[in-house]
Structure formats: structure tokens, C-alpha cells
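Below you'll find the structure, written out as C-alpha cells, and then a few comments.
There are 2 protein chains.
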Amino acid sequence: MGNVTTSKPFRDGTGRALSDYPRPSVAVDTALMTMAPGDADETPYLGVLLVRRPAEPSRQSSGAQGWALPGTFLHEGETLADAVRRSLGEKTGVIGRDPHQLHVFDDPARDDRGWVLSAAHLDVLAFDELEALRRPSDTRIARVPTKLRLPYDHASIIELAVDRLRQEYRATPDPRHLLPDAFTIADLRIVHEAVAGTALQKDTFRRLMMDELVELPEASTGRVGRPARFFSRRR
Amino acid sequence: MGNVTTSKPFRDGTGRALSDYPRPSVAVDTALMTMAPGDADETPYLGVLLVRRPAEPSRQSSGAQGWALPGTFLHEGETLADAVRRSLGEKTGVIGRDPHQLHVFDDPARDDRGWVLSAAHLDVLAFDELEALRRPSDTRIARVPTKLRLPYDHASIIELAVDRLRQEYRATPDPRHLLPDAFTIADLRIVHEAVAGTALQKDTFRRLMMDELVELPEASTGRVGRPARFFSRRR
DNA sequence: GAAATAGTGTCTGTAAGACACTATCGG
DNA sequence: CCGATAGTGTCTTACAGACACTATTTC
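Top to bottom, those sequences are chains F and L. Those letters in the first sequence? Residues 88 to 322, by our numbering. Those letters in the second sequence? Residues 88 to 322, by our numbering.
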């Protein structure tokens, strides 16, 4: 391992090394999703972390300063997941959790800076952790779907991310840990409704999730109404 | 478009062009799946197209000649799907149908020739078309799963391909067109059983598929038993 | 007790699974 | 008629969806 591109280069049938062929730049772009609490009495909503895009005069498209998904170019010796975590750290201050690949965007003309492939990723972080880490000066959380005009394929990436998240949340209680380790069924249902984008039946939802939850001895307290039991995810 | 990497290079905040950073080679590897008819009275089985791997003295691992999935390096100005189709054409004589991305394999040490990312793809072709096109001298169709020792991540790619194919075939009649445009339910069930790897109940299967099929006027003939109706896929 | 929230009993409709039956061919 | 294959009727089971009910708290 290490320094894999420079030691005794492999040569193909025509005697040329790999490095003699043109290679693309490879980028990663990440939709870091979270569950934002609605202001006042609003319901929580699905949000995505954006970073302020530096104004770049040489950029052809939409000269105006805007917002974009955090991304970076892949460095040598790095995996895509490493690059995702690094870009989140550098651009937003956030430490990612568990990036999943979504899709590679490969249109040769998609980036006017040159030949750039982008591997889109999904990551998820609880709102409190995200707020504790992110730099508010150059990051924001946008409601999904957002009306902001995003560069490149970032709107498509967010769509893919939401689709994937909906699949993951369809039959499993909070698999990406948007909630802490103990939560009530009501908490869980609110999160799943925000992910799904639709209301869910409380009795059906409860019965669907129940066999993947373990009941904890404690019960909620303090608010009006019958106290709810706390649960945690199985395993 | 065109020649995107050489015209007026973009420079970043530190004044360096994209091309000043090391870039990986990007490869595509394709699991081209087909439905091979079993010899004699065997049942058909899922097969994957392999190409003979040229013996390369400079290769560290397993000097012995072997078989591998067809693949190639991505060329400039090319999409991944283009590269998949080109590699199938060059290495096997086959014209691909509709490659789908599966996953990017990104371990920096996965290829001892250097830093190579591989975008794994799935494509599917009917056996007759495949046999009419492929070069038998340097290609073969291996039963899935195969006991052959394959290089790189090729065994994982085939696993991913089969999983994806099973998902696609679970509730849709032959979406990848392993069968011709007209077929009987029995033909369809045999194909779906081979993809799923398990036997399927004939009555349940029929009812599941029926609402996505249209009945054709013709009926099968020639063999013993009640003639079967032909169907085709809706839309 | 009233309001509010948590949780359950139960009916209905739909669909998968299983089994057995009918239908239609070649011989 | 028999053997073989195609296709259907129908019973059981499971489960989602819907509704209404009970349970337990604060006020």
C-alpha cells in the first residue's frame, strides 16, 4: 500500500503506463440530511446541509454567489468515504457518520472546470449534533425540497438522497439515528412522517415498528396525557 | 463540450489547475448477465459473461491465466455507460443493452497497477443475442454463482448484480428482456425462478404477473398438453 | 370531570400461499 | 381413454388500513 501510483509503473500491451492516459478528476458531493425541528409549533422537516459557494469569476454559469452541497476532490490514497468525511469536516466543521454511495454523475460536460466525475453520497446526522458542529457563518440547512437554485447535479443528488432515505425508513425504526437511543413511538412517528413526506396512521405504524423495538423500563413524564413508554432499536 | 480538460484551465484559490492534482484512473467492470439454457433437460440458469484475462508477467497476484469480467478504462469525453458498451464490444464482440451502475469500488490498494477506481455495472442480454455476438475463443459464460477465482472485486460485483436483478424481477415480468416480446407464463416463470434461485408457485406467480401482461391472440402449439396463451409486457 | 395523549381490540379488504379442481391438447 | 400441461376456484392466513374504544396522565 501507499504511493501506489509511482512505484514501478505497470505497462500495457503497447508499452504505455496507466499514467500516460488522460484521467478524470473525481469528486464527491454529499447530501447530509437531518431532521430540523420546525420553528414554534411547526412539525419537524427534512433538511439538507449546504455550504456557501465562493464567488468565482472564471465560472461560466450563474455568476451569483449561491449555495451548494459540500464536496471535494478525491485525494490520492483516499477512499470515497474518506473524502466525504474530509469534505464535511473542512467545509462545514461536521464529522460525518456513515456515507453511502448513491450514484456517479458522469456527463463529460457537467463541470466547466474540466473533466470531473462526481460520486454522490448520502449521510445523515441528528440535528443537535449537526448544530453543535457546523459553522453557521458559511453553512445553512435548507428545507427539502428547496427552491434554491443549486449548481451541477445537486438537485438530483438531493432527490436521490431522499428516495434512498425513504426506502431505508419504510420498514425500519430510525435506521440512521436521527433520534437518540431512547424515544417514544410518537417521536419516532414524527420523524418517519417527515422522511416519508406523508402522514402515517398511528396504530398501523406502531404495529409495523414494534417488533424491531425493545421496550425500556422508563416512561416519559412531565407533559399532559398518559405517559409514553420509551423504546430503543433492537440490536 | 469536447476537449474539456485542455482549454483555459480553471484555477483554484491557490492558483493551481485541476490537472495539478493527482487523479485516479477510472475503470468500468460489467457483469453481463444472461439466462443460459441448461444442457439436455436441465433447467436454465443465470450466467455471467467472462473474458479470458491475458497473462501478464508484471502482475503480482495469481500469475496463472484466468477469467474476469469485461472492463476498460474510462476514456476522455466518455460517459461510464459509453465505456461499458465499448468494453463489451472490444473485449467480447457483444453490444450492451442498458448498463446500470451498481457501486464504485474505491480501495486505493485494490489494483496493483496503480490507483484505479472501478465503477461496477450490470447489463443483461438474452442468450441468443449473446451467443450470436460473443467471440467463443476468448469469452465464456459462467454459471452464477461460479467457483472460478476472479480477480479484484469481481466476485462482489457479481453478487451485487444478482441482488439487483432479483429486486428488479421480484414483481415485474422480465423487465430486462431475457425473453422475446411474446412468451408463455411457463417461460416467464422459468426465467424468474432462475433469477430468484428458488422455485415459485405457479398460481401465485401467475396472479402476481398478470396485471402487467397483455394477452395475445395466439396460443402455443406443437407440444403435448393444453396450449398456452402468449403474453407480452404492458407498455 | 375535561382535555390530552398513549395504547389496544377488532372489523374489513386485499393479497400471498397452498391445494385441488377444471380445461384442452396429443396420443 | 391417459398423460401432460394450462389455467382457475377457493380456503386459509397474514397484514395493512380504518375506526373506536380503553388507559393514564395534567389541569
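A virtual CB, placed ideally from N, CA and C, is assigned to each residue, including glycine. If you're wondering where the values come from, they're calculated on a predicted model, not measured in any experiment.
Helix or strand or just coil, what does DSSP make of E165 (chain L)? Three-state DSSP puts E165 (chain L) in coil, outside helix and strand.
When the cut-off is 7 Å and only beta carbons count, does S112 (chain F) lie next to chain L? yes
For a cutoff of 7 Å on Cβ pairs, would you count E163 (chain L) as touching chain F? yes
By the DSSP assignment, the alpha helix (DSSP H) with A219 (chain L) in it spans what residues? F214 to L220
Compare the C-alpha of D193 (chain L) against each of L:G180, L:P186 and L:W202 and name the closest. L:W202
When you check each C-beta in the stretch 198–229 of chain L against every C-beta of chain F, which residues fall closer than 9 Å? When C-beta distances to chain F are compared with 9 Å, the residues of the stretch 198–229 of chain L below that value are D198, D199, R200, G201, W202, V203, L204 and A206, in chain order.
By how many angstroms is the C-alpha of G183 (chain L) removed from the C-alpha of L175 (chain L)? 7 Å
Determine the direct distance from the alpha carbon of V171 (chain F) to that of Q188 (chain F), and round the result to whole angstroms. When the Cα atoms are used, Q188 (chain F) and V171 (chain F) turn out to be separated by approximately 10 Å.
What do you reckon, are the CB atoms on A273 (chain L) and P131 (chain L) nearer than 7 Å? no
What do you get for P195 (chain F), buried or exposed, if any count of 16 or more other CB atoms within 10 angstroms of its CB means buried? buried
Kindly identify the DSSP beta-bridge partner or partners of L119 (chain L). Per DSSP, L:D210.
List the residues that DSSP assigns as beta-bridge partners of V135 (chain F). F:M120 and F:A229
Distance check for W154 (chain F) and F318 (chain L), CA to CA, integer angstroms please. 51 Å
Inside the stretch 235–298 of chain F only - alpha helix (DSSP H) runs reaching at least 4 residues: 241–257, 272–283 and 289–297
Please name the residues in the stretch 167–178 of chain F whose beta-carbon is closer than 7 Å to at least one beta-carbon of chain L, in chain order. L167
G180 (chain F) and R221 (chain F) closer than 7 Å at C-beta: yes
Taking just the CA atoms, how far does A286 (chain L) sit from I223 (chain L)? According to the sequence as given, residue 223 (chain L) is Pro; it is not Ile. Cα to Cα, the separation comes out at about 31 Å.
Straight-line Cα distance separating L252 (chain L) from L265 (chain L): 11 Å
Verify whether the separation of the beta carbon atoms of T121 (chain F) and L217 (chain F) is less than 7 Å. yes
By how many angstroms is the C-alpha of V278 (chain F) removed from the C-alpha of R294 (chain F)? 16 Å
D290 (chain F) to Y239 (chain F) span [Cα, whole Å]: 42 Å
Closest Cα partner of P262 (chain L) within the set L:T271, L:R321, L:V135 and L:V311: By alpha-carbon distance to P262 (chain L), the top candidate from L:T271, L:R321, L:V135 and L:V311 is L:R321.
So is I115 (chain F) in contact with chain L if we call contact Cβ pairs under 7 Å? In the sequence on display, residue 115 (chain F) carries Val and not Ile. Answer no: the Cβ-Cβ gap between V115 (chain F) and chain L never drops below 7 Å.
Spatial distance of E165 (chain L) from S243 (chain F) (CA atoms): 21 Å
Identify, in the order they occur along the chain, each residue of the same chain with its Cβ nearer than 7 Å to the Cβ of L275 (chain L), setting aside the five sequence neighbours on each side. P260, D261, L266 and M296
Grab the span of the beta strand (DSSP E) containing S319 (chain L) for me, first residue to last. Looking at the DSSP string, the run of the beta strand (DSSP E) that includes S319 (chain L) is R316 to R320.
Consider the C-beta atom of D268 (chain L) and the heavy atoms of the ligand SAH; say whether any pair is separated by less than 6 Å. Inclusion of the ligand SAH in the displayed structure is not the case, the ligand content being empty and no account of it being possible.
So Q188 (chain L) contacts chain F; which residues on that side make the cut at Cβ distance below 7 Å? H190 and V191
By the DSSP assignment, the beta strand (DSSP E) with G309 (chain L) in it spans what residues? It is not in any beta strand (DSSP E) - G309 (chain L) carries neither H nor E in the DSSP assignment.
Which of helix, strand or coil does DSSP assign to E305 (chain L)? strand
Of the choices L:L237, L:R200 and L:V113, whose alpha-carbon is the least far from that of R139 (chain L)? Of the listed residues, the one whose Cα sits closest to R139 (chain L) is L:L237.
For a cutoff of 7 Å on Cβ pairs, would you count P109 (chain L) as touching chain F? yes
Output, in chain order, the set of chain F residues within a Cβ distance shorter than 9 Å of P238 (chain L). Correct list: empty, because the minimum Cβ distance to chain F is about 14 Å.
Distance between E129 (chain F) and I228 (chain L) (C-alpha atoms, nearest Å): 58 Å
Out of L:H208, L:Y108, L:P124 and L:L137, which has the shortest C-alpha to C-alpha gap to K234 (chain L)? Nearest of L:H208, L:Y108, L:P124 and L:L137 to K234 (chain L), Cα basis: L:L137.
Can you find a CB in chain L that lies within less than 7 Å of the CB of P195 (chain F)? It does; some Cβ of chain L falls within 7 Å.
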